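Residue numbering for the sequence shown follows my numbering, beginning at 3 and increasing consecutively.
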Amino acid sequence: MTTMTLPAYNFCMLAGYAEMIPTCKKFQNGSKIAEITMLIPGERGSYQVFVTGSLAEEVTRSIKPEDFVMCYGRGTSTKSGNKFCLQAIRVVNYGKNVDAEYLEPLQIINAYTMEIPEAGFHRMEL
């Protein structure tokens, strides 16, 4: 299992279709990284998602082109702001049988939601 430290204010989710088979690269220091290229319905261009460690190996084995994939992690962009990518800590593969138009949004994000009693600033201790 890969553990990454992510700031709570920068938690992102991308949902789309895998454009090609992810490739896993291994570096000299033993670390592994895989890149998923995703097409998101209604968006122009594709998005890059990077995963590391054992998740990189699993993603490379399981994701095929046209699979519907949900990726959760930390979003980053270039200084010019014209490119966005996601450093994923969790990837869920729904396969080819799922149409994004018919997914229930609340079922997808249920594990990542919390109830806050009222609007405004809340100090939360973890």
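Glycine included, every Cβ here is placed at the ideal spot set by N, Cα and C.
Note that this is a predicted model, so its numbers are computed, not measured.
Going by DSSP, what residue range makes up the beta strand (DSSP E) through residue i?
i, result
"Glu-37", "34-41"
"Gly-75", "70-79"
"Val-93", "86-97"
"Met-15", "13-20"
For residue i, tell me which candidate among the options has the shortest Cα-Cα distance.
i, options, result
"Lys-34", "Glu-60, Met-40, Gly-47", "Glu-60"
"Gly-55", "Glu-103, Val-100, Gly-18, Ala-90", "Ala-90"
"Gly-77", "Glu-37, Tyr-19, Phe-86, Asn-99", "Phe-86"
"Leu-88", "Met-22, Thr-39, Glu-45", "Thr-39"
"Cys-73", "Val-100, Tyr-49, Gly-32, Val-94", "Val-94"
"Tyr-49", "Asp-101, Leu-57, Asn-12, Gly-18", "Gly-18"
"Asp-69", "Ala-58, Arg-46, Asn-99, Leu-57", "Asn-99"
How big is the Cα-Cα spacing for residue i and residue j?
i, j, result
"Leu-41", "Phe-52", "15 Å"
"Pro-24", "Glu-103", "24 Å"
"Arg-63", "Ala-20", "13 Å"
"Phe-29", "Ala-36", "11 Å"
"Lys-66", "Met-22", "7 Å"
"Gly-32", "Arg-92", "21 Å"
"Gly-44", "Val-71", "15 Å"
"Ser-79", "Leu-57", "22 Å"
"Leu-16", "Lys-27", "22 Å"
"Asn-12", "Asp-101", "27 Å"
May I ask which residues mark the beginning and end of the alpha helix (DSSP H) holding residue i?
i, result
"Arg-46", "Premise fails: Arg-46 is in no alpha helix (DSSP H) and is neither H nor E."
"Val-61", "55-64"
If residue i sits next to residue j, beta carbons under 8 Å apart, how far is it from one beta carbon to the other, in whole angstroms?
i, j, result
"Gly-129", "Cys-14", "Nothing about residue 129 can be reported from this structure: the residues present for the chain run from 3 to 128 only."
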